[in-house]
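Peer 1: In the numbering used here, the protein residues as written are 33 to 180. One structure follows; several queries about it will come next.
This is the structure:
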């Protein structure tokens, strides 16, 4: 692909940013097949996509985000919602026609339908984190008032 087409940041600092990047590339115009290998996919045990798995075998994007950026450790994270938003943003910012845009949104909704349980779980975990942090904050305020 020509570099003139790349009018967006190349890579996000979140899990599955490579998938969003490929979606942005595909929305930028046609691809041409080059009949030679330009990429070699190396598979190993410490590969991030194999290292951070949930019990059900799906990727644990929250752990992956903490690996990608240690500042994410313990933060409220909604990684699948971030991916969902970035896919929508990619379609919204593309120069495709209305018909294709609607089909892209439909496909994003199909992706979300397959991820809805994990997305719901992320909301539950985030709600739990917010509630626990508010209890910690209120207990600190009470102990500070008791010392006076």
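In this text, a Cβ means the ideal position worked out from N, Cα and C, and glycines have one as well.
(1) Between which two residues does the alpha helix (DSSP H) harbouring residue 182 extend?
(2) Please classify residue 95 as buried or exposed, where buried requires at least 16 other C-beta atoms within 10 Å of its C-beta.
(3) How far does the alpha helix (DSSP H) with residue 102 in it extend, from its first residue to its last?
(4) Report the three-state DSSP secondary structure of residue 110 (helix, strand or coil).
(5) Quick one, are the C-beta atoms of residue 151 and residue 144 less than 8 Å apart?
(6) From the DSSP output, in three-state form, read off residue 85 for me.
(7) Return helix, strand or coil for residue 78, following the three-state DSSP convention.
(8) Keeping to the same chain, check which residues put their C-beta closer than 8 Å to that of residue 180; ignore five residues upstream and five downstream.
Peer 2: Taking the definition as stated:
(1) Because the chain in this structure spans residues 33 to 180, residue 182 falls outside the shown range and cannot be described.
(2) buried
(3) Taken as a continuous stretch (DSSP letters only), residue 102 belongs to no alpha helix (DSSP H), as it is neither H nor E.
(4) coil
(5) The answer is yes: Cβ separation under 8 Å.
(6) strand
(7) coil
(8) Bear in mind that a pLDDT of 48 at residue 180, under 50, signals an unreliable position, so the number given afterwards is only what the model happens to contain. Answer for residue 180: no residue qualifies.
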